[in-house]
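Numbering (my numbering), first residue to last: 490 to 861.
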């Protein structure tokens, strides 16, 4: 086994993988990497399974050293990276020799980067995940954030089975590297209490931009802007999914993320699409986002091809499907889904949207000859 030692951490760094599933009824957070697009690409660059643990680095200003030869990648936020004080590119496989030092500067765009390592970090797993939740003190590093002097073990050689199963890429193609400065539209599916909100306030919500508040973190992003209004009694606490748009009494939205609480008592306007959440995780306080109602079929296809591209279905989706079959999972009937419409007098989209460049390019099917 090799060891990576933390020299310094500027803001926050934790170990994250794909997270914990089907555990919320036990009071456990889902956890996991906020930007799975960056995590999966980082793991692909070093030949790992997509859900292998990585170090999620907030904003940068961190340094690490290694005692054994390996290769790493740093994907996500555009942090300036140096290897032994020599600049190296992000989104690229980087060979490492014993004693090498990697430094990550402050990212000029984006917020979170992922340091992946060939063979993956070997960390204790809790409910089938090594993801750290500081609030719960669960996951890698005894549930704590990484600090100077901490070490993480890694395999000296990558798992050959994994290498054969996933194509190794020397670097990420440019068109798959997001522009984190691009305007972001959050597409969402109308939720439990959508029809209870005043139609005019919903329309104003769709027509205006919201600013990300300073007190946003891995639990959720608070937005400031046009408030929504709702009449009716308070609701009982209910389970809340990742991406839920909660509307507290003041009317300004909160988008719940991976480290969210398991239940909530605020009305839910809707649920943001998964791939838009990946982009949201790279937005900083002070930046702006807006909302649009999603096409469920289109978004399901986008997410399906995304996971297929990274071959996640061969790693844990089969197990996940079996777990779902054995649990009590309730779904809306087709009739209920098709009748879920916007409130009366409210159009489903604002008259104009940010440029389409804000969206990630569609992923090809893994069997496409272009990517074999």
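The C-beta atom is built at its ideal place from N, Cα and C for all residues, glycine as well.
Pull up the distance between the alpha-carbon of residue i and that of residue j, whole angstroms please.
i	j	result
residue 664	residue 723	46 angstroms
residue 611	residue 603	16 angstroms
residue 615	residue 685	39 angstroms
residue 564	residue 752	32 angstroms
residue 632	residue 689	45 angstroms
residue 498	residue 582	22 angstroms
residue 799	residue 542	15 angstroms
residue 508	residue 520	5 angstroms
residue 506	residue 606	12 angstroms
residue 832	residue 788	Residue confidence is low: residue 832 scores 39 on pLDDT, short of 50, so the model does not pin down where it sits. No coordinate-derived value is stated.
residue 756	residue 667	32 angstroms
residue 637	residue 491	18 angstroms
residue 888	residue 678	As displayed, the chain neither begins before 490 nor continues past 861, which places residue 888 out of reach and without an answer.
residue 801	residue 580	A caution first: residue 801 carries a pLDDT of 46, below 50, which makes its placement in the model unreliable, though a value can still be read off. Roughly 20 angstroms between the two C-alpha positions.
residue 622	residue 796	24 angstroms
residue 641	residue 682	44 angstroms
residue 766	residue 781	13 angstroms
residue 843	residue 613	At residue 843 the pLDDT is 33, less than 50, meaning the model places this residue with poor confidence; the figure from the coordinates comes in the next sentence. Those two C-alpha atoms are separated by around 43 angstroms.
residue 555	residue 567	22 angstroms
residue 886	residue 597	Coverage of the chain is limited to positions 490 through 861, which leaves residue 886 absent and any answer about it impossible.
residue 619	residue 544	11 angstroms
residue 687	residue 539	42 angstroms
residue 692	residue 704	26 angstroms
residue 573	residue 630	26 angstroms
residue 725	residue 697	30 angstroms
residue 589	residue 716	51 angstroms
residue 502	residue 595	13 angstroms
residue 785	residue 791	10 angstroms
Which whole-angstrom value describes the C-beta separation of residue i and residue j, a residue pair presumed to lie in contact below a C-beta threshold of 8 angstroms?
i	j	result
residue 557	residue 576	Residue 557 to residue 576, Cβ: 24 angstroms. No contact.
residue 523	residue 746	6 angstroms
residue 593	residue 549	5 angstroms
residue 783	residue 676	4 angstroms
residue 709	residue 749	6 angstroms
Return the residue from the list the options that minimises the CA-CA distance to residue i.
i	options	result
residue 551	569, 519, 578, 771	569
residue 516	624, 636, 607	624
residue 672	682, 772, 590, 716	772
residue 643	756, 791, 537, 783	537
residue 711	619, 785, 735	735
residue 661	559, 578, 555, 725	578
residue 669	733, 599, 766, 700	599
residue 635	794, 500, 792, 790	500
residue 584	574, 596, 560	560
residue 433	619, 510, 493, 717	Outside the shown range of the chain (490 to 861) lies residue 433, about which nothing can therefore be said.
residue 794	763, 619, 768	763
residue 720	595, 733, 739	739
residue 730	503, 502, 518	518
residue 504	742, 547, 510, 535	547
residue 617	790, 510, 525, 792	510
residue 774	562, 716, 707	707
residue 674	571, 768, 562	768
According to the Cβ coordinates, are residue i and residue j closer than 9 angstroms?
i	j	result
residue 495	residue 639	yes
residue 759	residue 727	no
residue 770	residue 601	yes
residue 776	residue 700	yes
residue 742	residue 694	yes
residue 535	residue 628	no
For a cutoff of 9 angstroms on Cβ pairs, would you count residue i as touching chain D?
i	result
residue 554	Of the protein chains in the structure, only one exists, and it is not chain D.
May I ask whether a heavy atom of the ligand PLP can be found less than 8 angstroms away from the beta carbon of residue i?
i	result
residue 568	As presented, the structure is devoid of all ligands, the ligand PLP included, so that no description of it is given.
Whole beta strand (DSSP E) elements within the segment 657-719, 3-residue minimum:
673-679, 699-701, 709-713
Note down, one range per segment and in chain order, each beta strand (DSSP E) of at least 3 residues found wholly within the segment 492-531.
501-505
Length at least 4, wholly inside the segment 581-655: the alpha helix (DSSP H) runs in chain order:
649-654
Contained beta strand (DSSP E) runs [length at least 3] in the segment 711-768, N- to C-terminal order:
733-735, 743-745, 757-761
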